[in-house]
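Take a look at the structure below.
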Amino acid sequence: MNLTLKIWRQKDASSKGAIVDYQVKGIEGDMSFLEMLDVLNEQLITKGEEPVVFDHDCREGICGSCSLQINGEPHGPDRLVTTCQLHMRKFNDGDTIYIEPFRAKAFPVVKDLMVDRSAFDRIQHAGGYISVNTSGNTIDANAIPVNKDNADDAFAAATCIGCGACVAACKNASAMLFTSAKVSQFALLPQGQVEATDRVLAMVNQMDEEGFGNCTNTGACEIECPKGISLENIARMNREYLKASIKG
Amino acid sequence: MSILDSKIPEGPLADKWTKHKNTINLVNPANKRNIDVIVVGTGLAGGSAAATLAELGYNVKTFCYQDSPRRAHSIAAQGGINAAKNYQGDGDSNYRLFYDTIKGGDYRSREANVHRLAEVSGNIIDQCVAQGVPFAREYGGLLDNRSFGGVLVSRTFYAKGQTGQQLLLGAYSAMNRQINRGKIQAFNRHEMLDLVKVDGKARGIIARNLVTGEIERHSAHAVVLASGGYGNVFFLSTNAMGSNVMAAWRAHRRGAFFANPCYTQIHPTCIPVSGDHQSKLTLMSESLRNDGRIWVPKRIEDAQAIREGKLKPTQLAEEERDYYLERRYPAFGNLVPRDVASRAAKERCDAGFGVNKTGEAVYLDFASAIQRYGKEKALTSGLHNPSADQVRELGEKVIEDKYGNLFQMYEKIVDENPYKTPMMIYPAVHYTMGGLWVDYNLQTTVPGCYAAGEANFSDHGANRLGASALMQGLADGYFVLPYTIGDYLSQDIRTGKIPTDTPEFDQAEKDVKDRIEKLMGGSGEHSVDYYHKKLGKIMWNKCGMSRNEQGLKEAIEEISALREDFWKNVKVPGDANSMNPELEKAGRVADFLELGELFAKDALDRNESCGGHFREESVEQSGEQKGEALRDDKNFKYVSAWEYKGEPKDAQLHKEDLVFENIELKTRSYK
Amino acid sequence: MSGLIKSSIARKVAMALSGLFLVFFLLQHFTINFTSIFSADIFNELSHFMGTNPVVQFVLQPVLIFGVIFHFVMGFVLELKNNKARAVKYAKYNGGANASWMSRNMIYSGLVVLAFLGLHFYDFWVPEMVHKYIEFAPEDPTRYYPELLHKFESPVRTGLYVLSFVFLTLHLWHGFASSFQSVGFNNKYSAAASKFAKAFSIVIPLGFIVVAIALHFNQH
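Protein chains in written order, with our numbering: chain A, 37 to 284; chain B, -8 to 662; chain C, 15 to 234.
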C-alpha cells in the first residue's frame, strides 16, 4: 500500500518543529508500524536526508520505549498494543497518517518524535520502592503469605511499561494512571504497608511538581493503555492519598 | 599452565563460596564512601549490582543507552526464574539445580561457579519478594511454581509471562531507592564507547551523551560491565534493537579475553520471519511445547502447495503429517531441549518441507491438546455426550487460560487465529552463552574490570536451560559481585578520586573521537542496516544452527571483507554533535563486524558438537544416536578465551581446562 | 494541610465533594419545585419555610453559595492548569476515540450552567434578597407561586431554562458518576452507583424541564 505520512520534525528541544509530509510506497500489511518507519528512514538516508528519530527498542511491546501519537491516539487505533505491535494491516492504501510525539509539558521533545520521559523516573525515585537491603538475609519468601487476589491485582498494576500513553491520551496530560499503578503495586502487598504513607505523599508530590495536569476521570488513559492498566488504581491512589494526608 | 587463573577456591564444592566470602578482604563503611564504581548496563545484572553496591556505600554511576534503566532488555524475559527452594517438596536441592545446569550446559561450564549460582538462587526469591515483586501465588497465599524443559522438578517462579519485567522493575526499584539517596547517579541515554586503563587497571570509561553527542570522561576505581549479550550480530534475533556488544568488545580490545563466542542459543519457538522488512523476531514461550505438537507435511508436494497458499494445514489428515520430533525422539518427543528442537526444524525446512511463504517455518499444532482438554473438561463438568463443537469450545477455553496472552500476541503479529489453524514457528537467535572471560570473582583479565550477567561467559556452558538467565543475572548482581569486588577495592582505600585529566583519558577520548570521525566520513554508499543485514545473513547461514569447517572459513573471509567495505563506504547522515541514532547503530555494527569474525574463528576451532554449537563434522556415526551431536570431551573440555591481537582472525586462543570433580560427564540422550 | 489543598488529588476530591453537595441541593430544589405543578399551596408553604427559616437563610444559604463559587472557581483553576500541562497541542487529536464528549467538555457544560445561574439569580435570588433584606417588605406566605408563574410567562426564558437543563444533564452525566472515582470509590458497587448517577443526571434535569414547561403552559 502507499501512504502519506505527516510527521512532526524538530531538530532539538530548543528548536521549533513542524509537520512535514512524506510518501511511502510498497508497505505490506505484515509490517509493524515501526518497520514502516524503517522503510521511510532507509529512503531518507538514501536521499541523503536525516532519518526520523523515534524511541524504540524491544519491538515486542514490553520495554515501553515506543511512543508515537498516531492519528490522534497514542500507539494508534488498535487497542492493547504498543506502536511496535501495531501492524500496517490496520491501515488502508492511500491513507494519510499523522505521526506526532507524545505531547505534554512534562515530556519535552528531544528530537522529532522522541520525548524525554524522565519525569516518570523521578516520580519513581521519590518513593517507588520498598526499603529493603539486598543482603540476602531477608526472611524466607513464603513467610509472607499474600492473598491471591491482591497478588494478582498488584501484578496487574505492576505490568505498567511506563510508556506514557496515559499522559499522551489524557486531554489534561495527567500522569495519574502511571503514578497510581506504581502506588497500587505496593499498596496491595503486605511488604508495601510499612512505607505506604510516605510513599503516596512523596510520589504524588513529585507528580505534581513535574507539571502534569489533573485527572478529570475521562477514562481515556485506561482505553489507550497498551497494558490495560485499570482506573481502579487511580481510585485506590486517591484513597491512599487521603488516608495518608489525614494521618500526616 | 594457562595464563588464565580462574581463582576457584580450594575445598569441597559446597563450601567454596562460604569459605571464599569468609576469607576475602572487605572495605570498611567509611572507606566505601571514597570509592567510585561504574556500572554499564542496567538490566537484571547491572541494575541489581548498582543497587547493592550503592547500598553498601560505594558511589555508583550507572550507564544505559535507553531513556530509563527500567527498559533494559531483561524486561522481555517471559517464562520464569529458577531457584532451588524445594517449596513443592519434589526433591529439589542446590545440588540438583547445580547438576541440571551443568548437564544442560553440555558440561562446558565451571563447577564452582554453577554451584554458587545454585546456592544463592533461594536468596534471590527471598530478596525479590521482600522488595515487592508480585510473583504468582496459590490460593493459600504462598508462591506458585511451574516446571520447565530439561529438568525433573518444579522450581520455576514466575509472574505470568512477564517474569523478566517484574524482576527488572524490582531491581530498578532498588536502584530508585539509591538514586533518591544520592548514592547512584544514573546516566541514561549514554553509551560507553571505550574502557580507560591506568597502570593496567580499569579506571573509567569514555561515554557519549546520546542526546547532545558530547563525549564524556567518567572515572572510577572499578568498572562493571553488565551490558548483555551479542545475539544481534545475527541482525535478526529476539534481542532488543539496541542490544549490542560495544561495551564488552571495547573492553576486549583493551585486554579482556572473550570466551566461547560461538556458544549461541537458538530458541525453537519464535514467530517466523514474514519478509525482508523484518527488523526483529518475537519469541513465544517455550512452555507452548508442553501442549503443542510440531509437524510438517509428509509429502513435499503438500508443503509446496501450502507455501503457495493452495492448501490449508487443517486439510491434511493425520497420516499425511510428519510429527518429526515424536518420530525421531520418541522418549522426549516435542519436549527435547532447545538446541535439538531447533536443529530438527532447520533440517526439515532445508529438506523443502517448510510451510510459510519463505519456506522457513514448521507447525506447532494445538488441535490434539484442544480435543484432549475439551473431553476432560466435558467429563468433569458432567457433559456425557458432548458435541464436537462443545468439546472444541471447552478445550479452547483451557488453552486460553494457559496461553491466552501468547495466542493473542501471535494473532496480532501473524493475523491468523491459532485456535483454529496451527501456529507457525521457526528457531531464532535468543541468547549468547559466550561473553567476557571472568574468574570466580567475575573479574575479567583486565584488573578492576568486572563482567556480570549475559555479558560474561560463566555459568551456562554451551547451552542455557530455560529460566536460568534471570537467575544468573540477579545472582551476579545482588549476591556475588558486591562481595567479590570488595576484595579488589580493598587495595584502593587510599587511592583517592581518579583524575580524568590524565594522558590515559586524553588518549582514550582521542581514540573515540577519531573513530566517530571515521564513521561519519564514509563514502556514503550504503546505510548501516545494509551492512548489518549482510552480516546477519553470513552469520545465520554459516555460523547458525549447524556449522562446518568450510562454511566457517568462508565466513571469516566474508566478514573480514564486509568490514573493510563498511569502513570505506558506510553512510551516516547527520552530525556527531547531536542526537544521531544512525551513528549509534554504526558504532555498534562496526563492533559486530569484528565480533562476528571472532565468533566464526571460535566455532572453527571447536571441532566438536556441544550444546548450542553443532559441528557437522562431529556427529555420532553409528548406533542408536546415529546422526546426533557428538561431544568430544577428550579434546575440547575447555573454555576458549580469546586475546585481542589486532584483527579478529589473529586473536590468540587461551584454554581454561574444565575440571569436573563432582559430576560424571555423560552423553545427552533424548531418544 | 496546606500541602493537601495544593495537591492535585486534594483539589480533585474537593471538586468532587462540592459537586456532590450541589447534586444533593439540586435534589432538594427539584423536590420543592415539583410540588408547584400540582399544588400551589404546598409550594408556597415550602418556599416560605425555606425563605424565612434562619438556619436555611443564614447557615445553609451561605454554605451553598460558597459551594457554588468554590466549585466553579476551582473548575477554572484546574482547567487553566490542565491547559498548561500541554503547551504544544496535537495537530490531530482524536479525543472521541477514548473518552465521551461530556467528560472532555465539562468546562463548557459548566460554563453554560454558570451562565444559567446568573440568569436564575437575577430572576429569583436577587429580587428575593431585595425584597427581604433591603426593602424589608412585609412577609406574604402566598406570594411565591404567583411570582414563579409570572417568571415562566416568557417563552424565551422558558426556552433558556430548558436549554440550560440539557447542559446540566451533560455536566452531571460525567460529573456525578466520576465524583465517586475521585473520592476513591471504585469497587464492585461502582457499576450500580454509576448507573444511579446517570439515571439521576437525566431524571432530575428532565424533571426541571417538565416543571418549567408545565408552568409556561399553565398561565391563568
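We put the beta carbon where it would ideally sit given N, CA and C, even for glycine.
Nothing here was measured: the structure is a model prediction, and the numbers come from that model.
By the C-beta criterion, the region 239 to 251 of chain B is judged to be in contact with the region 625 to 640 of chain B, since at least 3 inter-stretch pairs fall below 8 angstroms.
Cβ atoms of C/VAL225 and C/ILE51 come within 8 angstroms of each other, at about 6 angstroms.
Chain-order list of chain A residues neighbouring B/MET232: HIS92, ASP93, ARG95, by C-beta distance under 7 angstroms. In terms of Cα proximity to B/ALA75, the closest of B/ILE390, B/LEU370, B/LEU302, B/ASN85 is B/ASN85. By the neighbour-count criterion, in which 16 or more other beta carbons inside 10 Å mark a residue as buried, C/TYR203 falls on the exposed side. The continuous beta strand (DSSP E) containing B/PRO418 extends over residues 414 to 423. Against chain A, the beta carbon of B/LEU133 has neighbours under 8 angstroms at ASN178, PRO181, listed in chain order.
When C-beta distances to chain B are compared with 7 angstroms, the residues of the region 103 to 120 of chain A below that value are VAL117, in chain order.
Counting the other CB atoms within 10 Å of its CB gives B/GLN498 a total below 16, which places it among the exposed residues.
The beta carbon of B/TYR469 sits closer than 8 angstroms to some beta carbon of chain A. Counting only Cβ-Cβ distances below 7 angstroms, C/TYR203 has no contacts in chain A at all, with the closest Cβ about 12 angstroms away. Contact between B/ASP27 and B/ALA177 does not hold, since their C-beta atoms are separated by about 14 angstroms, which reaches or exceeds 8 angstroms.
One thing to note: B/MET400 has its Cβ no nearer than 8 angstroms to the Cβ of B/TYR354. Counting of Cβ neighbours within 10 angstroms places C/MET143 among the exposed residues, the total staying below 16. Rounded to the nearest angstrom, the gap between the Cα atoms of A/LEU39 and A/ILE133 is 7 angstroms. A distance below 7 angstroms between beta-carbons, with the five flanking residues on each side excluded, links C/ALA211 to the following residues of its chain, in chain order: PHE190, ALA191.
Look at the beta carbons and you see the region 243 to 258 of chain A touching the region 190 to 205 of chain A: at least three pairs across the two are nearer than 8 angstroms. Closest by C-alpha distance to B/SER164, out of A/ALA201, A/THR118, A/ALA190, A/SER167, is A/SER167. In the DSSP assignment, B/HIS209 is bridged to B/ILE196. Check the Cα spacing between B/VAL105 and each of B/ASP135, B/PRO125, B/ASN73, B/GLY80: the tightest is with B/ASN73. Taken in chain order, the whole beta strand (DSSP E) runs of length 3 or more contained in the region 438 to 501 of chain B are 440 to 442.
For a Cβ distance threshold of 7 angstroms, residue set ALA105 of chain C lies close to A/ILE55, ordered along the chain. Judged by their CB atoms, B/LEU133 and A/PRO181 are nearer to each other than the 8 angstroms cut-off. Counting the other CB atoms within 10 Å of its CB gives B/HIS375 a total below 16, which places it among the exposed residues. As summarised for the region 90 to 122 of chain C, the continuous alpha helix (DSSP H) elements at least 4 residues long and confined to that stretch are 115 to 118, given in chain order. The shortest CA-to-CA distance from B/ARG506 to any of B/LEU159, B/ALA581, B/HIS451, B/GLY464 is the one to B/ALA581. With a cut-off of 8 angstroms on Cβ pairs, the region 289 to 298 of chain B is not in contact with the region 567 to 578 of chain B, counting fewer than three such pairs. The contact set of C/PHE199 on chain A, defined by CB atoms closer than 7 angstroms, consists of ALA271 in chain order. The alpha-carbon of B/GLY477 is positioned some 33 angstroms away from that of A/CYS99. Under the three-state reduction of DSSP output, B/MET275 falls in the coil class, being neither helix nor strand.
Contact between B/HIS421 and B/GLY222 holds: CB atoms are separated by about 7 angstroms, below the 8 angstroms threshold.
Relative to the Cα of B/THR475, the nearest Cα in the group B/LYS411, B/VAL215, B/ALA458, B/MET183 belongs to B/VAL215. Secondary structure in the region 108 to 187 of chain A: the beta strand (DSSP E) runs of 3 residues or longer, each lying completely within the stretch, are 132 to 137, 145 to 147 in chain order. At the C-beta level, A/LEU76 and A/THR119 stay beyond 8 angstroms of one another. For A/TYR277, the CB contacts under 6 angstroms within the same chain, skipping 5 residues up- and downstream, are VAL236, VAL240 in chain order.
Taken in chain order, the members of the region 58 to 83 of chain A whose beta-carbon sits within less than 9 angstroms of a beta-carbon on chain B are ILE63, GLU64, GLY65, ASP66, MET67, SER68, LEU70, GLU71, MET72, ASP74, VAL75, ASN77, GLU78, LEU80, ILE81, THR82.
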